[in-house]
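For reference, the structure is listed below as structure tokens.
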Amino acid sequence: MGMWTRLTEVGREERRLEFLFRIGVAGCFIGHGAFGVIGKEAWLPYFAVAGIGPEWAWRLMPLVGGMDIAVGVLALLAPRPVFLAYAAFWAVWTALLRPLAGESFFEALERAGNYGVPIAFLIFAGASLRPSRAWLRPIRLRRLDRPTRSDVMLTLRATTATLLLGHGGLALSGKPLLLEHVRAVGLPDGALPLVGGFEVILALAVAWRPEATLLLGVLVWKLGTEALFPFTGDPFWEFVERAGSYVAPLALLTMVRSPEARRAISAPEVKTATMGLLMFLGGMLTGGAEAMIASASAQEAPSMLDRLRGGGHVIACRHAITDRSRGDASRVDFRDRSTQRVLSPAGEAQARRLGRILRDKGIPVGEVLASPYFRTLDSARLTFGRVETSSALYGRGARGPNGIARLLRTPPEPGTNRALVTHQGVLYRAFPDLERGSIREGDCLVVRSDGRDYEAIVRLGPNEWEALD
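Mapping of the sequence shown onto numbering that gives the first Met the number 0: position 75 corresponds to residue 74, and the numbering continues sequentially without gaps.
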């Protein structure tokens with residue numbers, strides 16, 4: 000009862016804001032922590048940034064996840080400045096890991112809700128920027144004064160605008176996952192840049208003047224677009240993890256509708272900061288347009304079918320769609336299927352379909368190698384009808400003498416193409432210029448080599464294979 004009793008010691012607006020901030024931080028960290036406990040293959044490149052290989056990464060994920068869940072629960076039930084400061088730091092770091100691992104910088108911006116909400120909560124609670132014993136005491140709110148109100152509103156405006164810009168930039172650059180979301184609601188692929196442009200416009204509008212109607216629209220938009228994660232088969236934790244993306248516009252909406260809002264918004268120092276934020280957003284928008292152009296040029300693959308029919312290439316694939324309801328165990332046994340994440344029925348169908356397409360189009364495949372995981376071995380067998388296990392397709396030494404690089408450099412048997420089935424982490428290390436998150440389950444890279452070096456000339460998903468002519 001102590002939590003709710005404390006909420007009654009301030010005004011209605013303060014009670015609502017504290018409740019929202021608690022929910023926002025808790026949802027983000029509990030959702031993120033759930034993936035750590037379950038295990039998430041997409042995290043492997045982020046551990047690699049710190050020099051941690053896959054084996055230790057899988058072992059550490061449950062520890063990271065447990066810590067995140069603990070922080071989320073503490074932020075919900077007994078928030079203290081020390082917990083919120085840690086939450087802000089950790090959220091910033093995990094967001095930056097994405098561009099550090101080679102992904103688009105928009106990925107870090109899109110997660111602004113994760114770090115912006117705990118920062119706003121700290122300011123809202125009147126916590127000193129300098130660590131002290133007060134950081135260890137429970138947060139006890141007071142009525143908002145005008146300077147604090149302005150600071151909190153500016154933080155929420157920047158957070159909401161930045162997360163919209165990040166998501167819009169990813170859409171403009173053609174992020175494959177967002178393409179799946181667009182297709183799931185029956186829209187053509189060409190609608191994705193329009194979605195991205197719309198979100199950038201929303202970001203600029205929020206940065207300029209966050210009116211109540213606009214913020215309500217942003218809230219509905221974010222709830223709808225992020226709900227596409229579970230709608231398209233991803234775990235519900237994806238939606239929970241993005242709680243900050245809903246709380247930031249909702250908390251700002253709560254403040255905008257208060258009687259004191261106009262004075263806070265029209266303060267000269269806030270107007271100056273807003274202009275600075277708009278300049279920042281404009282610069283990032285320019286970067287997004289460049290990313291979109293680069294992405295479009297990377298998709299060109301003239302006469303690819305004829306080249307594949309002639310052989311001499313390596314087809315390096317990520318395994319087919321997996322069952323996300325379970326992850327790999329902390330200690331994977333390559334002989335025990337129950338310790339691993341395996342193909343879903345959709346993944347099995349996807350792998351069989353690719354096999355039929357390759358046969359129908361007359362693309363010759365010779366050697367077929369896969370990592371020792373069941374999801375890669377099963378993908379290879381269902382697609383190519385045969386497979387040999389290769390340790391080169393699993394582990395950290397992707398570009399070493401015994402890693403996947405050797406298989407990519409070495410020419411296949413004349414008149415054939417070599418097929419490799421592996422994991423996204425291995426492919427990203429072998430091709431460091433690839434944007435992290437761009438290789439979906441079931442995607443393949445067509446690679447050519449001169450015997451000394453290699454390069455990926457096109458990335459093909461299941462639909463792109465069928466369209467080759």
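In this text, a Cβ means the ideal position worked out from N, Cα and C, and glycines have one as well.
This structure is a prediction, so every number in the text was calculated from the model and none was measured.
DSSP three-state assignment for residue i, whether helix, strand or coil
{"i": "Thr147", "result": "helix"}
{"i": "Thr388", "result": "strand"}
{"i": "Ala315", "result": "strand"}
{"i": "Leu459", "result": "strand"}
{"i": "Asp359", "result": "helix"}
{"i": "Lys174", "result": "coil"}
{"i": "Asp377", "result": "helix"}
{"i": "Asp233", "result": "coil"}
{"i": "Leu140", "result": "coil"}
{"i": "Val246", "result": "helix"}
{"i": "Ile37", "result": "helix"}
{"i": "Gly287", "result": "Any reading at Gly287 must be qualified, since the residue scores a pLDDT of 45, below 50, and its modelled position is unreliable; the value itself is stated next. Gly287 falls in the helix class under three-state DSSP."}
{"i": "Gly326", "result": "coil"}
{"i": "Leu467", "result": "coil"}
Straight-line Cα distance separating residue j from residue i
{"i": "Gly23", "j": "Phe228", "result": "18 Å"}
{"i": "Arg447", "j": "Ala455", "result": "7 Å"}
{"i": "Leu222", "j": "Tyr245", "result": "7 Å"}
{"i": "Ile122", "j": "Val81", "result": "13 Å"}
{"i": "Trp57", "j": "Leu95", "result": "20 Å"}
{"i": "Leu214", "j": "Val386", "result": "54 Å"}
{"i": "Ala288", "j": "Ala170", "result": "Caution is warranted here: a pLDDT of 43 is assigned to Ala288, below 50, making its placement in the model unreliable, and the coordinate value is therefore given only provisionally. The straight-line gap from Cα to Cα measures roughly 10 Å."}
{"i": "Arg256", "j": "Ala391", "result": "59 Å"}
{"i": "Gly354", "j": "Cys316", "result": "13 Å"}
{"i": "Trp89", "j": "Gly310", "result": "48 Å"}
{"i": "Ser329", "j": "Ala47", "result": "17 Å"}
{"i": "Pro117", "j": "Gly243", "result": "9 Å"}
{"i": "Trp55", "j": "Gln349", "result": "31 Å"}
{"i": "Asp322", "j": "Gly361", "result": "31 Å"}
{"i": "Ala345", "j": "Ser324", "result": "13 Å"}
{"i": "Asn113", "j": "Phe383", "result": "43 Å"}
{"i": "Glu40", "j": "Gly195", "result": "27 Å"}
{"i": "Thr93", "j": "Ile438", "result": "20 Å"}
Beta bridge counterpart(s) of residue i as assigned by DSSP
{"i": "Ser448", "result": "Tyr453"}
{"i": "Thr321", "result": "Leu342"}
{"i": "Leu368", "result": "Glu387, Leu419"}
{"i": "Cys443", "result": "Cys316, Leu459"}
Check whether residue i and residue j have beta carbons under 8 Å apart
{"i": "Ala379", "j": "Ile403", "result": "no"}
{"i": "Leu83", "j": "Ala74", "result": "yes"}
{"i": "Arg417", "j": "Glu463", "result": "no"}
{"i": "Asp432", "j": "Gly460", "result": "no"}
{"i": "Ser343", "j": "Ser370", "result": "no"}
{"i": "Val205", "j": "Thr147", "result": "no"}
{"i": "Ala25", "j": "Gly71", "result": "yes"}
{"i": "Glu102", "j": "Arg435", "result": "yes"}
{"i": "Pro192", "j": "Val217", "result": "no"}
{"i": "Arg451", "j": "Arg408", "result": "yes"}
{"i": "His312", "j": "Glu440", "result": "no"}
{"i": "Ala202", "j": "Leu164", "result": "yes"}
{"i": "Leu406", "j": "Leu376", "result": "no"}
{"i": "Met254", "j": "Leu467", "result": "no"}
{"i": "Tyr472", "j": "Tyr372", "result": "In the structure displayed, the chain extends from 0 to 468; residue 472 sits before or after that span and is not available."}
Test: residue i CB closer than 8 Å to a CB of chain B
{"i": "Thr375", "result": "The chain labelled as chain B is not found in the depicted structure, where only one protein chain is given."}
Taking three-plus beta-carbon pairs below 8 Å as touching, is the region 419-431 in contact with the region 27-34?
-> no
Is it a yes or a no for the region 138-145 touching the region 99-108, going by three-plus beta-carbon pairs under 8 Å?
-> no
How do the region 141-157 and the region 184-204 stand: do at least 3 beta-carbon pairs fall below 8 Å, yes or no?
-> no
Taking three-plus beta-carbon pairs below 8 Å as touching, is the region 32-49 in contact with the region 10-20?
-> no
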